[in-house]
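I have placed the structure first, in the form of structure tokens, so that the comments after it can refer back to it.
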Amino acid sequence: MTEEINVLALVKGEERYVFLFSDQRRAEALRTLGRYASNPELSFTWYDAAVLSQKIRAQVVDQEAVPHNDPAVKPRFAFPANGPIDIGSLDSDHLDFDEFS
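Each position in the sequence shown, counted from 1, maps to that position plus 466 in this note's numbering.
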């Protein structure tokens, strides 16, 4: 059986911070965020650490909300279209660009 890996990324200008961790190593990933934030040689700030740690903790809540016996993978977004999508016609409630900023 293969282990699932969580991926969390932050783009700051030309810099890329990418964190890979399993569910069992979640606490270590949170500590790593703190170590990066306390390193004055990195542009990674305490605000960055806070935002990313919120995302890590939210994954736990999301996983607990999904029944474990449900094998179906559900899409995160459901778009009301059967062809090309005109993004300008969608409500902002359907779009979540927070993960990409």
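For every residue, glycine included, the Cβ atom is placed at its ideal position computed from N, Cα and C.
Does the Cβ of residue i have 16 or more other Cβ atoms within 10 Å, making it buried, or fewer, making it exposed?
{"i": "Leu476", "result": "buried"}
{"i": "Ala515", "result": "buried"}
Indicate the three-state DSSP secondary structure (helix, strand or coil) for residue i in the structure shown.
{"i": "Glu494", "result": "helix"}
{"i": "Leu499", "result": "helix"}
{"i": "Leu518", "result": "helix"}
{"i": "Lys478", "result": "strand"}
{"i": "Phe545", "result": "Bear in mind that a pLDDT of 49 at Phe545, under 50, signals an unreliable position, so the number given afterwards is only what the model happens to contain. Three-state result, Phe545: coil."}
Compare the C-alpha of residue i against each of the options and name the closest.
{"i": "Leu486", "options": "Glu469, Val473, Ser509 and Gln520", "result": "Val473"}
{"i": "Pro522", "options": "Glu469, Glu480, Arg497 and Glu481", "result": "Inspection of the sequence shows that residue 522 is occupied by Ile rather than by Pro. Ranking Glu469, Glu480, Arg497 and Glu481 by Cα distance to Ile522 puts Arg497 first."}
{"i": "Gln525", "options": "Gly500, Arg482 and Ala495", "result": "Ala495"}
{"i": "Glu481", "options": "Phe510, Val517 and Gln520", "result": "Phe510"}
So, do the region 502-511 and the region 487-494 have three or more beta carbon pairs nearer to each other than 8 Å?
no
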